[in-house]
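Numbers given in our numbering equal positions in the sequence shown, counted from 1, plus 967. Remarks on the structure that follows.
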Amino acid sequence: MPDHDTSDLFSPYQLGSLTLANRIVMAPLTRSRAGAGDVPTPLMAAYYAQRASAGLIISEASQISPQGKGYIQTPGIYSEAQVAGWRQVTAAVHDQGGKIVCQLWHVGRISHPDLQEDGALPVAPSAVKAVGQVFTGQGMVDMVTPRALTLEEIPGIIADYRQAARNAKAAGFDGVQIHAANGYLLDQFLRDKTNLRTDAYGGSIENRVRLLLEVTDALLEVWDKDRVGVRIAPLSPANDIADSDPEPLFTYVTRQLSARGIGFLDVVEGVTGGPRETGHRFQLATLRPLFKGTYIGNNGYSRELALATRAADHADLIAFGKLFIANPDLVERLRLDAPLNVPDQATFYGGDEHGYTDYSFLDGH
Ligand code: 8OZ
């Protein structure tokens, strides 16, 4: 295995027209610190700027519409004030020489009337309730049975993604990533556990993948191909998601996305935030050769695994999540094999600068 002097993990990488300073990505991380109106704050700009030595930052998931929201204080990317807030974030990252793309999010059924406008029911492909709870500000409450989207509503969802992609451009982002992972709306369409539709958006694999591809095509009207990415989590049970046969499903997804020429595919390898091994017979490693763009591996990487993955060329870029929470200068620490700060779970979601912008840098500031 190469040491830090020879691995290309720390060398520039060309992601289409974007030159990344290294092959290390800051994974999208929900931190629930947006301000009133779900507007990104100056504190968020400081947090992202601290982490701008990542080759690429993928922003925390950002709802494309009020309906797409499922947690308190997550940022939106649909209002003018939100775009203005994000503009400060992207400017702060660019000032530090970083690159940042916006993760576009609709939670689907992973929400609650208390988080929706006018107490509306959350929407989903089908009226199938998720087992689990959401935090509404009134504490943890059980999820409800969502309302199935009508066929007539689907163009409106795609239009919301398209507008959010335009907003991301206006906000100064370097690109966009479609959140199609972790049991949210697009993942709910992909899977036969949550998609019981009998129209053109349900049933066959081709039909279940249709919405993701239509959203992708809408984004390609706004952004150059190399600036559009997708995140998938084929074997993760996050948010009560499952499919009876994920291998042909995600093989088709990957082939179709590759055929569209999108820039990057980001794969949550294993259980989101948990083990990389799932025991499933489907080997996620089979996806990479099917995708001709940049493959980003994510989930549970250590320095050693990242180096070994690059040495074996099993991924182009490696994303780190929790380690980036606790180590603003993670790239430098990995390069030097320096000790790492330990992330504090208690301050992951919500709160102030504590556990957010006060993790130390190696040089002590
Ligand atoms: C943790 C808490 C809230 C949201 C995901 C956007 O899992 C999330 C998320 C994670 O993709």
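In this text, a Cβ means the ideal position worked out from N, Cα and C, and glycines have one as well. Only a predicted model underlies this, so the values are computations on that prediction, with no experimental measurement involved.
Residue i in three-state terms, based on DSSP
i	result
A1286	strand
Y1015	helix
I1077	coil
W1333	The structure shown does not extend to residue 1333, since the chain spans only 968 to 1332, so no value can be given for it.
I1044	coil
R1243	coil
R1194	helix
I1031	coil
N1206	helix
V1060	helix
Y1219	helix
Q1250	coil
I1039	coil
P969	Residue confidence is low: P969 scores 42 on pLDDT, short of 50, so the model does not pin down where it sits. Its coordinate-derived value is still stated next. Of the three classes helix, strand and coil, the one that applies to P969 here is coil, per DSSP.
G1322	coil
F1391	Examination of residue 1391 is not possible in this model, given that the chain is present from 968 through 1332 alone.
G1331	coil
D1184	helix
F1291	helix
G1002	coil
V1298	helix
Y1316	coil
Y1262	strand
T986	strand
L1232	strand
L996	coil
L1307	coil
Closer than 7 Å: residue i CB and nearest the ligand 8OZ heavy atom
i	result
Y1316	yes
S1038	The sequence shown places Tyr at residue 1038, not Ser. Yes, the Cβ of Y1038 comes within 7 Å of a heavy atom of the ligand 8OZ.
H1073	no
H1146	yes
A1028	yes
N1294	no
T997	yes
T1239	yes
N1149	yes
A1097	no
A1131	no
A1205	yes
Cβ neighbours of residue i in the same chain (closer than 6 Å, five flanking residues each side left out)
i	result
K1036	Q1030 and L1082
M1217	According to the sequence displayed, residue 1217 carries Phe and not Met. Closer than 6 Å at the Cβ level, and outside the excluded window around F1217, lie P1201.
G1104	I1039
Y1014	Y1323 and T1324
D1109	Q1100
K1259	S1225
I1208	G1150, D1154 and R1158
P1310	K1289, I1292 and A1293
S974	L1274 and R1277
G1086	P1080
L1152	H1073 and G1075
D1127	I1031 and S1032
Beta-carbon contacts of residue i that lie in its chain and below 8 Å, excluding the five residues immediately before and after
i	result
A1094	T1112, P1113, R1114 and A1115
L987	P979, Y980, Q981, G1022, L1023, K1066 and L1284
Y1168	P1092, L1118, I1121, F1156, N1162, N1174, R1175, R1177 and L1178
V932	Outside the displayed range of the chain (968 to 1332) lies residue 932, so it cannot be described from this structure.
L1257	T1218, T1221, R1222 and S1225
T1183	I1145, V1195, V1197, L1224, R1227 and I1229
7 Å CB neighbourhood of residue i in its chain, flanking five on each side removed
i	result
T1261	L982, G1230, F1231, D1283 and L1284
D1166	L1118
R1270	L1301 and D1304
M968	Caution is warranted here: a pLDDT of 45 is assigned to M968, below 50, making its placement in the model unreliable, and no coordinate value can be reported.
T959	There is simply no residue 959 to check, as the chain begins at 968 and stops at 1332 in what is shown.
D1296	S1020, F1328 and L1329
T1057	I1067, A1138, G1139 and F1140
P1213	P1201, L1202 and F1249
Could you tell me whether the segment 1235 to 1254 touches the segment 1200 to 1208, where touching means 3 or more Cβ pairs closer than 8 Å? yes
Using 8 Å as the threshold, is the segment 1006 to 1020 in touch with the segment 1052 to 1061, meaning 3 or more CB pairs across them? yes
Quick test of the definition: if touching needs 3 or more C-beta pairs under 8 Å, does the segment 1133 to 1141 touch the segment 1171 to 1185? no
Can you check the segment 1134 to 1176 for any beta strand (DSSP E) of at least 3 residues that lies completely inside it and give the ranges in chain order? 1142 to 1146
Sequence ranges, beta strand (DSSP E) only - wholly within the segment 1062 to 1124, length at least 3: 1067 to 1072, 1100 to 1102 and 1107 to 1109
Check whether the segment 987 to 1003 and the segment 1075 to 1089 are in contact - that is, three or more C-beta pairs closer than 8 Å. no
Taking contact to mean at least 3 C-beta pairs separated by less than 8 Å, is the segment 1136 to 1150 in contact with the segment 1188 to 1197? yes
Would you check if there are 3 or more beta carbon pairs closer than 8 Å linking the segment 1266 to 1277 to the segment 1239 to 1246? yes
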